[in-house]
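Peer 1: Take this structure first; my questions come after.
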Amino acid sequence: MRKGDSLVAHMDWALFVTYIIMLIIGMATVYSVAYNEEHPNIFEYSEKYGKQLVWLGISLFLGLIVFLIDSDIYRKFSVPIYMFTLFLLVIVLFTPKINGASAWLGIGSMGVQPAEFAKIGTALLLARFISTVNVKQQNIQTVLIANAIILVPMVLILLQPDAGTFVVFTSFLFVMYREGITYDPLILRVINRIPGIRFKETWVGGHFIPILFVVVILSIVTLLMSNEVLEFSFLPNVKVPGFYSVVATLFIIALLFLIFLRVVSARRERGRATLVVVLGFSMAAGLSSMVNYGFQSLRQHQKDRIELFLGMKEDPNGKDYNRNRAMAAVGSGGFLGKGYREASVSSVRSNHVPESETDFIFCPFAEEWGFAGTFVLVSLYMFMLVRIIIIAERQRAVFNRVYAYTVAMILFYHFAINIGMNIGFAPVIGIPLPFFSYGGSSIMSFSVMMFILLKLDSQRRDVLQ
Amino acid sequence: MNLDARRYVILAFILMVGIIYTSRLFYMQVVDDQWVLRAQEIAEKRWEITPPRGVLFDRTGKKIVSNRTYYNLMMVEAEIRDLDTAKFAKLIGWTREEVCERFKEIVRGEGTYYNKNTGKRTPNYQKIRAYPFMKELTLEEVARIAPHLDNFPGFYEEVTSMRSYPYANGANIVGYLSEVSQEEIDEDHFYKPGDNIGKAGLERFYEKELRGRKGIRYIVTSAMNNAIESYADGKYDTSALQGPPLKLGVDINLQAYGEKLLKGKRGCIVAIEPSTGEILALVSSPSYYPNLMIGKRNISMYYPKLILDPNTPLLPRPLASEYPPGSTFKLLNSLIALQEGVITPSFGVACNKSVVGCHNHASAGNLADAIKHSCNPYYYAVMRRIVQQNRKKSVFADAEVGLNRWVDYMKSFGLGLTLETDITGLRPGRIPDVAFYDKWYGHHRWAFSTIRSISIGQGEVTITPLQMANVAAIIANKGWYYTPHFVKSIGENGPLPQYRKKHFSKIDTKYYDVVIEGMRRVVYEPGGTGRRALLKDIVICGKTGTVQNPHGEDHSTFIAFAPMDQPKIAIAVFIENAKGGGGLWAAPTASLMIEKYLKRKVTEKEREKTIIEAVFSYMR
Ligand SMILES: [Zn+2]
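Spelled out as structure tokens, the structure:
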């Protein structure tokens, strides 16, 4: 029973407790949103909170099983697990469409979404693959295999279609970036054809992924903000165009980085760090202004098309409808909120915000608890993500580390996109808020993901690699 | 390649998003308040409950304005299923085209909402909201339609309250209600489109009292617009409160009698209780049937007819028609001359018809007889003494001084200015002053001889019948008056404070006696001009007037009060284009009103019959 003792002793309690706290808050929010006076009992199975409790129970039970299985099994069986999830992704395409997508397997309300579990399969196989290669000697084949592991489920998910989960799969690119699997071999092959050039590595190729993401995110945020005008209740007659607020935010972030780097980096690296930040800021601001200028100079019908795509267009039945109402619900929360179960815009009963118990569950939470609540929630997520990265970096096994990073990045994606679409920073793509949104698939897959991580971490000393 | 450092890139990424989201949340939730308003627009709704308006009673406690229940046919487009427009049109008695047109009208009528952030306009009309499809249905109409509404989902009936006038009289006093205009909504947020507001008469003047307090319920609504629950457990809700009842000084029976007397004639009767200033009756003839002006449907049908009628039934003549007062004005000139000391009661003037026309009578040897005979040359002499007091060398400058003094006296009788009576549509009349004549003839280009026609109440002088009645009341009171008013109590309270304030004329009480004696002689002495007003056991003091006017027959007017010792009623009668002068038509009409009011019955049946049956040519 030495193993059992070590399980508890070596488990990362900080992460586990954060996870449990989030489950409790999430459950309380589902109860508040879906509250039905006729069945106030939280265990009432006919209500959504009753079902969610069952899902929580199943999730914790699955977690227990995960803990009892030797962690090595995930590495060993990563290929069959991956293939199994792919198999489910193929089967699900032949099911009838519900809400326009073939995403559900199972009967009635007890259905599951294979795409949620495909994340775990992909994460495990990617970890396995990266742990077997020497990134120092990566070649085109390495890059292509790593990308293929991600791309196959992505394509299958896009066929459902499920744009949200599709986007989430790009989070694996960050993991590859951390592990040094870059697009450099591809870029070098092209560049080194040019006579007289012989690069060993390129900065762009190495940092391709974060740069790409900064470009994409900054563009989207600039577009979303380009029509907005910020006003301040304590500063009457001051109106800040959305674009300026983007640049101002970038500037503040750059300043924070400068201060941060001055504290962290060694004296001799300071000059270079400052240069990087200044360069980064000017490029980001330049990009943002280009996007803004480009958008403003578009013709109206082109603008309309982009606005429709990003969900900004005034379409009472369309995406913007949800976004507008969601923002009204969040913004009306005030500092301390309207009080538990007092959400007037985003309760399920009022139905002003559709999907307020699933994809838009942040709304009722923000409306009921105000900024005090959302600050705590964002902080909890930040703590959890940082904690997972700390855990990742202390692993001896590459497999464990890669897996931990995939968990961190998937959670980060869900967090960023889900809350982003509630505050007007992200287009409306339906993905759940981990540990909060109502729904068996997401709560189970995130829990299993979390428990595998906790299990791997608790056994990190057993692994000698 | 330092891969370990890349963890910082990822950490930075995550923390950056965390910081940006936190600041955005802080901005949205704490700094910017547009979202609160937006959320209220979305989820909270004020349900306004409009109370029935306050009711009106006459001085004897009879309800003269009350409320009646009507119905609206409401429509919610989102709930309409497979509407058979032909069948529906048949049910409500319209054509299909009218139904379609009405639907478009509702959509258009809601206007559009302008979003300042995006610069776009979106229609205010919402499919999920209820709109009145047909308004103001009677019980009979709704009883025919309502049982079949089950076949037309999306339509239902709703109860509303509307005015009802149990008596067909006093339309020009109470006024009417009509839908609020956009300007009225903008000015006072009490109203929303479709609400009614007083447009004329007491309904308008006492709008704020009569409308009461709207009840407001704040409710949380769902996307389908149905109420879910009270907002904050009803903490901010207020209940509807009906406006207080108004008790009028009007005697509805006297009012009805007056309207009966003036049938077939254009004219006015105003009766005032001198001791209180309460208006007992205010007859404007011709008038209209007040129940015609209830509700949008009726108003749109009858208003154009009424407004185009050449006899102007909508015009409240006693308040708004400015007539030359004619010989009744001689009473005031007598009082002013006495007060100024330019004549004494024994002042006499030979009736010299070469100056101005007069009828045949013995020359007046004193003031009372001059009033009795209404002698024109006498009043030329009186007025000359008022205007030309030889205070200045220049006759023109002297006339200026005299006229100024005269105007001051007139104003103290409430003439040439708008009385503060509690009704809308009042006109001031005109007491010509120095500025007026300077403009007309030029500075120092006029004197008494230029303006002499004002001595007999002709020419530039105009006053309204309400002011004439008030003059009668002032004489009855020997020098003071309360502003004539309709409402003697608002709920538990008395009249408005401005009606508890006594106004005094600038004439000493002692000078009234001789004028009153003259007024008695008008009715009770042989040769008096108002003999037809004579009553056997009530002493009426009066003064006739025959107003020449260029547009046809003379107007006939008479002002009076009775009884002589303790006046209970002061009255002015004005009948337009009545062939035969003040003594013939206005004086007997006034006497009938006085008898009706003081004795509750009329003994002079012959006199009554003559007046009622008289129909003047312009009314045919
Ligand atoms: Zn004479």
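Protein chains in written order, with this note's numbering: chain A, 1 to 465; chain B, 1001 to 1620. The beta-carbon is built from N, C-alpha and C at its ideal position, and this holds for glycine as well.
(1) Could you tell me whether any Cβ in chain A is nearer than 9 angstroms to the Cβ of B:A1039?
(2) For the segment 1019-1034 of chain B, enumerate the residues whose C-beta is nearer than 9 angstroms to any C-beta of chain A, in chain order.
(3) I'd like to know whether the C-beta of A:R394 is nearer than 9 angstroms to at least one C-beta of chain B.
(4) Applying a beta-carbon distance threshold of less than 7 angstroms, which residues of chain B neighbour A:Y177?
(5) Should B:P1051 and B:G1201 be called a contact, given that it needs their Cβ atoms to be closer than 9 angstroms?
(6) Do you know how far the Cα of B:F1152 is from the Cα of B:F1088?
(7) Using beta carbons (cut-off 9 angstroms, strictly below), is A:R272 in contact with chain B?
(8) Name the DSSP bridge partner or partners of B:A1562?
(9) Closer than 5 angstroms is what we want: which residues have a beta carbon that near any heavy atom of ligand 1? List them in chain order.
(10) What residues of chain B sit near A:S171, judged by a beta carbon separation below 9 angstroms?
(11) Let me confirm a value: B:Q1467 is counted as buried when at least 16 other C-beta atoms fall within 10 Å, else exposed. Which label applies?
(12) When you compare the CB of A:N324 with every CB in chain B, is at least one pair closer than 9 angstroms?
(13) Using a C-beta cutoff of 9 angstroms, does A:E368 count as contacting chain B?
(14) Using three-state DSSP, classify B:K1116 as helix, strand or coil.
(15) Please state the DSSP three-state secondary structure of B:K1510.
(16) Tell me whether the beta-carbon of B:K1265 lies closer than 9 angstroms to the beta-carbon of B:F1616.
(17) Between the segment 1186-1196 of chain B and the segment 1312-1328 of chain B, do three or more beta carbon pairs fall short of 8 angstroms?
(18) Can you check which of these residues, A:Q160, A:V135 and A:G121, is closest to A:I149 by C-alpha distance?
(19) Buried or exposed for A:H352, please, with buried defined as at least 16 other CB atoms from any protein chain shown within 10 angstroms of its CB.
(20) If the criterion is Cβ atoms closer than 9 angstroms, does the pair A:P364 and A:V90 meet it?
(21) Under a Cβ-count criterion, where at least 16 other Cβ atoms within 10 Å of its own Cβ denotes burial, should A:M290 be classed as buried or exposed?
(22) Counting only Cβ pairs nearer than 9 angstroms, list the residues of chain B close to A:T142.
(23) How long is the line joining the alpha carbons of A:L86 and A:L223, rounded to whole angstroms?
(24) Would you mind reading off the limits of the alpha helix (DSSP H) that contains B:V1055?
(25) Nearest-angstrom Cα distance between A:S442 and A:P114?
(26) Would you please verify whether the beta carbon of A:Y35 is less than 9 angstroms from any beta carbon of chain B?
(27) Can you say whether B:N1117 is buried or exposed, counting buried as having 16 or more other CB atoms within 10 angstroms of its CB?
(28) Measuring CB to CB, does A:V246 end up less than 9 angstroms from B:L1025?
(29) Could you tell me whether the Cβ of A:I423 comes closer than 9 angstroms to any Cβ of chain B?
(30) My assumption, with CB atoms under 8 angstroms, is that B:K1488 sits in contact with B:L1210. Please give the rounded CB distance.
(31) Alpha carbon to alpha carbon, how far is B:L1584 from B:S1363?
(32) Any idea which residues DSSP pairs B:Y1070 with across the strands?
(33) Just to confirm before moving on: does the CB-CB distance between B:Y1409 and B:S1334 stay below 9 angstroms?
(34) Report the rounded CA-to-CA distance for B:G1459 versus B:Y1125, giving the unit in angstroms.
(35) Comparing alpha-carbon positions, which option in B:V1009, B:Y1379, B:P1244 and B:V1407 lies nearest B:P1495?
(36) Residues in its own chain within less than 6 angstroms of A:M225 by CB, not counting five upstream and five downstream?
Peer 2: In short:
(1) One-based indexing of the second sequence puts residue 1039 of chain B at position 39. Closer than 9 angstroms to some Cβ of chain A, the Cβ of B:A1039 qualifies, so yes.
(2) I1019, I1020, Y1021, T1022, S1023, R1024, L1025, F1026, Y1027, M1028, Q1029, V1030, V1031, D1032, D1033 and Q1034
(3) Mapped onto the first sequence, residue 394 of chain A falls at position 394. No, A:R394 lies away from the interface with chain B (no Cβ there is under 9 angstroms from its Cβ).
(4) Locating residue 177 of chain A in the first sequence gives position 177, where the first residue counts as 1. Ordered by position in chain B, the residues that pass the 7 angstroms Cβ test against A:Y177 are R1006.
(5) Numbered from 1 along the second sequence, position 51 holds the residue referred to as residue 1051 of chain B. Numbered from 1 along the second sequence, position 201 holds the residue referred to as residue 1201 of chain B. No, Cβ-Cβ distance for B:P1051 and B:G1201 is not below 9 angstroms.
(6) For the purposes of this step, residue 1088 of chain B is identified with residue 88 of the second sequence, where counting begins at 1. For the purposes of this step, residue 1152 of chain B is identified with residue 152 of the second sequence, where counting begins at 1. Taking the straight line joining both Cα atoms gives about 8 angstroms.
(7) To locate residue 272 of chain A, count along the first sequence from 1; it is residue 272. Chain B contact via Cβ: absent.
(8) What you label residue 1562 of chain B is simply residue 562 of the second sequence in a count that begins at 1. The partner list for B:A1562 (beta bridge, DSSP) reads B:I1569.
(9) B:C1351, B:C1358 and B:C1375
(10) The residue you call residue 171 of chain A lines up with position 171 of the first sequence. The premise fails here: A:S171 is roughly 11 angstroms from chain B at the closest Cβ pair, so nothing lies under 9 angstroms.
(11) Stepping through the second sequence from its first residue, residue 1467 of chain B is reached at position 467. Label assigned to B:Q1467: buried.
(12) In the first sequence, residue 324 of chain A corresponds to position 324, counting from 1. Interface residue, yes.
(13) Within the first sequence, residue 368 of chain A is the residue found at index 368, counting from 1. Closer than 9 angstroms: no.
(14) Residue numbering aside, residue 1116 of chain B sits at position 116 when the second sequence is read from its first letter. A caution first: B:K1116 carries a pLDDT of 43, below 50, which makes its placement in the model too unreliable to give a value.
(15) Position 510 of the second sequence, counted from the start, is the residue given in the question as residue 1510 of chain B. Helix.
(16) By 1-based counting over the second sequence, the position of residue 1265 of chain B is 265. By 1-based counting over the second sequence, the position of residue 1616 of chain B is 616. Yes, the pair counts as a contact, with Cβ atoms nearer than the cut-off.
(17) no
(18) If you number the first sequence from 1, residue 149 of chain A lands on position 149. Of A:Q160, A:V135 and A:G121, the residue nearest in Cα terms is A:G121.
(19) Position 352 of the first sequence, counting from 1, holds the residue named residue 352 of chain A. Label assigned to A:H352: buried.
(20) Against the first sequence, residue 364 of chain A aligns to sequence position 364. Against the first sequence, residue 90 of chain A aligns to sequence position 90. Not in contact: A:P364 and A:V90 (Cβ atoms no closer than 9 angstroms).
(21) Sequence index remark: in the first sequence, residue 290 of chain A carries index 290 (1-based). So A:M290 ends up on the exposed side.
(22) By one-based count along the first sequence, residue 142 of chain A stands at place 142. Within chain B, no residue comes near A:T142; the closest Cβ sits about 15 angstroms away, beyond 9 angstroms.
(23) Mapped onto the first sequence, residue 86 of chain A falls at position 86. Mapped onto the first sequence, residue 223 of chain A falls at position 223. Distance between the alpha carbons of A:L86 and A:L223 is about 36 angstroms.
(24) One-based indexing of the second sequence puts residue 1055 of chain B at position 55. That residue, B:V1055, is in no alpha helix (DSSP H); it is neither H nor E in DSSP.
(25) Position 442 of the first sequence, counted from the start, is the residue given in the question as residue 442 of chain A. Position 114 of the first sequence, counted from the start, is the residue given in the question as residue 114 of chain A. Each residue's alpha carbon lies about 10 angstroms from the other.
(26) The residue given as residue 35 of chain A occupies position 35 in the first sequence. Not an interface residue.
(27) Start at 1 with the first residue of the second sequence, and residue 1117 of chain B comes out as number 117. Residue confidence is low: B:N1117 scores 43 on pLDDT, short of 50, so the model does not pin down where it sits. Its coordinate-derived value is still stated next. That one is exposed.
(28) Position 246 of the first sequence holds residue 246 of chain A. Position 25 of the second sequence holds residue 1025 of chain B. It is not a contact, given that the beta carbons lie outside the stated cut-off.
(29) The residue you call residue 423 of chain A lines up with position 423 of the first sequence. Answer yes: the Cβ-Cβ gap between A:I423 and chain B drops below 9 angstroms somewhere.
(30) The count along the second sequence starts at 1 and reaches residue 1488 of chain B at position 488. The count along the second sequence starts at 1 and reaches residue 1210 of chain B at position 210. Not quite, the Cβ-Cβ distance comes to about 16 angstroms (not below 8 angstroms), so this is no contact.
(31) Mapped onto the second sequence, residue 1584 of chain B falls at position 584. Mapped onto the second sequence, residue 1363 of chain B falls at position 363. Whole-angstrom Cα-Cα distance: 22 angstroms.
(32) Here the question's residue 1070 of chain B lines up with position 70 in the second sequence. Beta-bridge pairing links B:Y1070 to B:T1160.
(33) To locate residue 1409 of chain B, count along the second sequence from 1; it is residue 409. To locate residue 1334 of chain B, count along the second sequence from 1; it is residue 334. Against a cut-off of 9 angstroms, the Cβ pair of B:S1334 and B:Y1409 comes out as no contact.
(34) On the second sequence, residue 1459 of chain B is found 459 positions in, with the first residue counted as 1. On the second sequence, residue 1125 of chain B is found 125 positions in, with the first residue counted as 1. Roughly 59 angstroms between the two C-alpha positions.
(35) By one-based count along the second sequence, residue 1495 of chain B stands at place 495. Taking only the C-alpha atoms, the option nearest B:P1495 is B:P1244.
(36) One-based indexing of the first sequence puts residue 225 of chain A at position 225. So the qualifying residues of the chain are G242 and V246.
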